[in-house]
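In the working numbering, the protein residues as written are 31 to 185.
Just below is one structure, and these are the notes that go with it.
Below is the structure:
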């Protein structure tokens, strides 16, 4: 399945392993402005964008959510809280356009990863690399904002 193979989590997996994963995947359509999940909800599905657009948001205050990224590329995945305890979503997800999605249930994915330790190792290595890259990006953003704050404070 081309969409699954384009997801960063499955980089380095052999095609037959992705075909095995595809057997556990469901396809859904979600209307514009529908929420898929909220930050802190139990993580029960991993999602893959087929088409449309999804915003990932973080809660600033109870009534203020800040978009962190807009996913628009087929194969973008989100909901990785299914892979890490305590199995909760760390961001909220809302469709900003009607979206076609693939989903896999957390328990089904866990069974595949337990049955095939090589599969699980590759997925977790890719997840760790992704989080490390995002941490580097966040640090760079923080430095930019801190420099601006210093300039403002000096005037």
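Virtual Cβ for every residue (Gly too), placed ideally from N, Cα, C.
Only a predicted model underlies this, so the values are computations on that prediction, with no experimental measurement involved.
Look at residue i and residue j and say whether their C-beta atoms are less than 9 Å apart.
i: residue 64; j: residue 125; result: yes
i: residue 152; j: residue 34; result: no
i: residue 59; j: residue 103; result: no
i: residue 86; j: residue 94; result: no
i: residue 120; j: residue 111; result: yes
i: residue 101; j: residue 114; result: no
i: residue 68; j: residue 122; result: yes
i: residue 157; j: residue 66; result: no
i: residue 51; j: residue 149; result: yes
i: residue 132; j: residue 80; result: yes
i: residue 163; j: residue 47; result: no
Residue i by DSSP, collapsed to three states: which one?
i: residue 78; result: strand
i: residue 148; result: helix
i: residue 153; result: helix
i: residue 35; result: helix
i: residue 43; result: coil
i: residue 60; result: strand
Since residue i and residue j should fall inside the 8 Å C-beta cutoff, what is the C-beta to C-beta distance between them, to a whole number of angstroms?
i: residue 105; j: residue 56; result: No, residue 105 and residue 56 are not in contact; Cβ-Cβ is about 16 Å, not under 8 Å.
i: residue 54; j: residue 142; result: 7 Å
Going by the C-beta, is residue i closer than 8 Å to any heavy atom of the ligand SAH?
i: residue 73; result: Among the components of this structure there are no ligands whatsoever, and the ligand SAH is therefore not found.
At least three beta-carbon pairs within less than 8 Å, the stretch 127-140 to the stretch 74-93: Yes, they touch.
Alpha helix (DSSP H) segments (min. 4 residues) lying fully within the stretch 68-130: Runs found: none.
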